[in-house]
Structure formats: C-alpha cells, structure tokens
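Data block below; observations after.
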Amino acid sequence: MDMTSDEKIRPHELGKERESAILVLADGTCFSGVAVGASGRTVGEVVFNTGMTGYQEVLTDPSYRGQVVTFTAPHIGNYGVNEEDGESTRIQAVGAVVREVSRRASNHRSVLGFEEWLNREGIVAIGQVDTRALTRHLREGGVNMGVIVHGAGPEDAAAALSLLERHPDYGATDFVEDVATTGALRVTLRGDDPWESELQFKPVDDSQVTDSPHVVVVDFGVKFSILRHLLERDVTVTLVPRDVDDQGLANLKPDGILFSNGPGDPARLENWHPRIRAISESYPTFGICLGHQLLAGAYGAKTYKLPYGHRGPNQPVKKLSDQTVAITSQNHGFCVDRDSMPECLEITEVNLNDDTVAGFRHRTAPIVAVQYHPEAGPGPRDATSCFDEFVDRLRP
C-alpha cells in the first residue's frame, strides 16, 4: 500500500511506543534518542565502528568489552542474527548506539531479530541518534566515557553525568579476566565446515594425539574466527589462560604459540611481560592486536592511547618489504610507540592513515605480530595469508 510522506511510519515506531533515552559523554555532551534493547542504563567507553556490515561480529568481539559501540552505518539489524557468526558466546560490548534499527530481519540464516537479541542479552542501547554528529565529535575530541539512560531526556543530563563521574575510567579496569578462559581447552568443530560448524571446547585429554601442528592460543579475549582460521588449516588448537605455567605449557607440547586479541589498556598488563617474553623465546610465536602490543611490550616497547582508535574493516596497511598494500579490519584504541621499539624488533607494516605501527617481527627469533585482525569477517580477506605463513613455519 502506498503512503504519503505524512503517513509513513518511522522504523522506531513500529511495534511499540518508544520511550526517550539519552547518551551523555564525560565531556558533558548530550545526545537525545529513543530506548532500544533492554531497559535501564549502561556505562562504557563510547567508540565508533565504520563497518557497513558485521554488527553481530562486532558486538560479540571480546575486544569491545567495557565499550559502547556507535555504528556509523545508518541501518542496523536488517539481516538479523544467527548462531554461527558470533565471535564469542555472548554480546561483549556493554551498549550500542544506532541511527535506525531495522523493523524486520531479511536473511535465510537469521534466527533472531537485532533488538530481540539485545533484549535476550540484557544490552541497553539507544536509537534515533545523529550518529554522524556523534562520530565527528569523537574524532575531533577523542573517545569519551559515556552513559546511556532510558526514560530520560536532556533535562536529566546533569544527573547522568554525575552517575558517569562515579564510574571507573575504561583504562582502569582489567577486562581480560571477564572474557578469557580459566583452564586449558581443546578446540574442535562439531562438523566439517570450519565456518558453519559449531566450535566445541573440551578439557584437554592427554590421550589426544594428532600429526598436525599444535598451536596453543594464550587467551586474552580471543575471537572465534582466529580459532576457525587455525582449524581450517588442519591445526590442533588448544586454548589456555594467560597464567598458564611453564610445566602446563610444556605438557601440551606446542609447535607454536598465538597471543590473542583482547580488551583494555595493554599498560595494565605489564606484569605479564616477563612471562610473555619467556614463552615467545621458546616457541614460534604469532601475536594479534592486544597480542601484538603485549609482545612489543615484552621486549621493551611502550604503548599509547590513540585519540579515537581504529575500528572498522577499511584500514589500509602497507608492507614495508615490498610496498604492497592490504585493506585490513582493525579494532584497537591503543598502539605501539614506534620510537620506543627496541633494536631486536623490526617494524614490518604501517597504517597508511596515520603511519602507526601495524606489524613487526623479531630480527633473529621466529616471532611476528600484527596490530590488525587478519581473521576478521565480514571484512577484507587481504591479510589471511598471515595464518598460512604462521602455520607453514610449524610444519616439518
């Protein structure tokens, strides 16, 4: 049925009457909108992601723990949510900011609508926000802590700001303990397809012996796609906590080590540097994102906070050895300080947007690391060769 412009129903008005909501940043800026998802309020660091798709992967990525994600794409939820594409078993972000929530999900793989999913997971979000203005504000002034409050308007901004001022800053919290494993787990597939099959996590059984290379993933908040890429390459994968001891690691007989991505400020994890260095000096090692930062720190480099971070599947990275460029997916708010890099580490890749360090290798040991996410999907597939190169080094 055709409708005039006056008769058209706005997406947020379909199905139920929306209560008002506000997003208040630590600098006092207030954005008005409507309540989306679970009722209540939530506090976190407000960041933005520039991906046109991938809201399920983004919100379930453990690296977003403690953060409120602003989606720059104006229409979120149009293809729903499925059981296969999550990067963990739950939503990890503490909130979301969107322009429009899709009124229906249209995809044969969808099993749940976007807002149904938020409600099921207890995630507070806000819609009808001018996300372009919010993104410009964060780009110009840097990311801020923020609070979403349902049932509130601009007149309640002062009270919301008072609530925010009592909340710990993002950098003050060790989020890794909220998202990482606490015991050694063997990772397998419930099926043959590494991208459509469910991942299985079972306690390590010493009787499990395979001829394939064995990669032990030290978990700081690993994305499931990293595990799937390893399994796709016929690798035996074991997930271990960051506090795995020497004997426990030796008992697993790894052929290689992968330090995973994860949330939070890497400077809070400096006490792990000696352990990370000792492990990397004993086995071929690959670091991704937070793992990249921690490996650099273990050899003496420093990290710093970026003004608004790199979050999205459109980050150009140049390989210095041959000047080739890959479009990569990234999700990080901190970066390795190139001026602090020790002589033993060589920068191998740089981000072309701001010339920050995007990868390095050890000059004499089999240690490589990348700041971006070569496993990311949906997103560019330009960098998946990182996994081929790592696994090939482990084969006889």
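Each position in the sequence shown, counted from 1, maps to that position plus 116 in the working numbering.
Positions of the beta carbon are idealized from the N, C-alpha and C atoms, including for glycine.
Given the structure is predicted, the values throughout are model-derived calculations rather than measurements.
Please name the residue, chosen from the options, that lies closest to residue i on a Cα-to-Cα basis.
{"i": "Gly-267", "options": "Thr-472, Tyr-415 and Leu-139", "result": "Leu-139"}
{"i": "Phe-375", "options": "Gly-160, Gly-193 and Val-486", "result": "Val-486"}
{"i": "Gly-149", "options": "Ser-204, Gly-202 and Val-245", "result": "Val-245"}
{"i": "Ala-212", "options": "Val-263, Arg-349, Arg-358 and Phe-450", "result": "Val-263"}
{"i": "Pro-190", "options": "Asn-235, Glu-161 and Ala-249", "result": "Ala-249"}
{"i": "Ala-514", "options": "Pro-390, Asp-285, Arg-157 and Val-441", "result": "No answer is possible for residue 514: it lies beyond the span of the chain, which begins at 117 and ends at 512."}
{"i": "Asn-467", "options": "Glu-491, Pro-490, Ala-442 and His-478", "result": "Ala-442"}
{"i": "Gly-193", "options": "Leu-234, Arg-509, Val-184 and Ser-313", "result": "Leu-234"}
{"i": "Asp-309", "options": "Val-332, Leu-347, Gly-299 and Ala-300", "result": "Leu-347"}
{"i": "Val-197", "options": "Arg-181, Thr-176, Val-214 and Tyr-180", "result": "Thr-176"}
{"i": "Thr-145", "options": "Val-331, Val-259, Arg-215 and Leu-365", "result": "Val-259"}
{"i": "Leu-315", "options": "Thr-354, Glu-293 and Glu-135", "result": "Thr-354"}
{"i": "Asp-143", "options": "Leu-365, Glu-281 and Thr-352", "result": "Glu-281"}
{"i": "Pro-458", "options": "Pro-429, His-478, Asp-470 and Pro-512", "result": "His-478"}
{"i": "Phe-506", "options": "Gly-413, Val-332 and Asn-469", "result": "Val-332"}
{"i": "Thr-444", "options": "Asp-504, Arg-181, Ala-394 and Ala-474", "result": "Ala-474"}
{"i": "Glu-203", "options": "Arg-509, Arg-344 and His-448", "result": "Arg-344"}
{"i": "Pro-329", "options": "Cys-502, Ile-342, Gly-307 and Thr-352", "result": "Thr-352"}
{"i": "Tyr-420", "options": "Gly-380, Arg-427, Asp-504 and Val-210", "result": "Gly-380"}
{"i": "Asp-438", "options": "Val-303, Thr-464 and Arg-349", "result": "Thr-464"}
{"i": "Ser-155", "options": "Glu-237, Gly-364 and Gly-493", "result": "Glu-237"}
{"i": "Tyr-424", "options": "Asn-469, Ala-414 and Asn-367", "result": "Asn-469"}
Locate the beta strand (DSSP E) running through residue i, then write down its first and last residues.
{"i": "Gln-183", "result": "183-187"}
{"i": "Glu-312", "result": "Run containing Glu-312: none; DSSP gives neither H nor E here."}
{"i": "Val-96", "result": "No answer is possible for residue 96: the residues shown for the chain start at 117 and end at 512."}
{"i": "Arg-427", "result": "419-435"}
{"i": "Leu-374", "result": "372-375"}
Per DSSP, which one or two residues make a beta bridge with residue i?
{"i": "Pro-357", "result": "Asp-335"}
{"i": "Ile-404", "result": "Val-486"}
{"i": "Arg-477", "result": "Glu-462 and Val-484"}
{"i": "Phe-340", "result": "In the DSSP output, where bridge partners are listed per residue, Phe-340 has none listed."}
{"i": "Thr-158", "result": "Ile-264"}
{"i": "Thr-304", "result": "Gln-316"}
{"i": "Cys-146", "result": "Val-140"}
{"i": "Asn-467", "result": "Val-433"}
{"i": "His-191", "result": "Glu-216"}
{"i": "His-330", "result": "Thr-352"}
{"i": "Val-163", "result": "Val-185"}
{"i": "Ala-499", "result": "Ala-499 is not bridged to any residue."}
{"i": "Gly-153", "result": "Val-240"}
For the alpha helix (DSSP H) that contains residue i, what are its first and last residues?
{"i": "Val-351", "result": "Val-351 -> no alpha helix (DSSP H), and no H or E assigned at all."}
{"i": "Arg-393", "result": "389-396"}
{"i": "Tyr-171", "result": "171-176"}
{"i": "Gly-364", "result": "362-368"}
{"i": "Asp-294", "result": "292-295"}
Should residue i be listed as close to the ligand NAD, given that the test is whether its C-beta is under 8 angstroms from any heavy atom?
{"i": "Pro-284", "result": "With respect to the ligand NAD, the structure offers nothing, as it holds no ligand at all."}
| message | Quick check for students: name the residue ranges of the alpha helix (DSSP H) that lie wholly in the region 194-273, counting only runs of 4 or more. | response | 230-237 and 247-257
| Is the region 218-236 touching the region 247-259 in the sense that three or more CB pairs, one from each, lie closer than 8 angstroms? | no
| message | Taking 8 angstroms as the cut-off, does the region 402-417 touch the region 325-337 (at least 3 CB pairs, one atom from each stretch)? | response | yes
| At a cut of 8 angstroms, does the region 297-313 reach the region 165-179 through at least three beta carbon pairs? | no
| Given 8 angstroms as the limit, is there contact between the region 370-385 and the region 286-294, that is, 3 or more CB pairs closer than that? | yes
| message | Under 8 angstroms: do the region 431-445 and the region 387-398 share three or more Cβ pairs, one atom per stretch? | response | no
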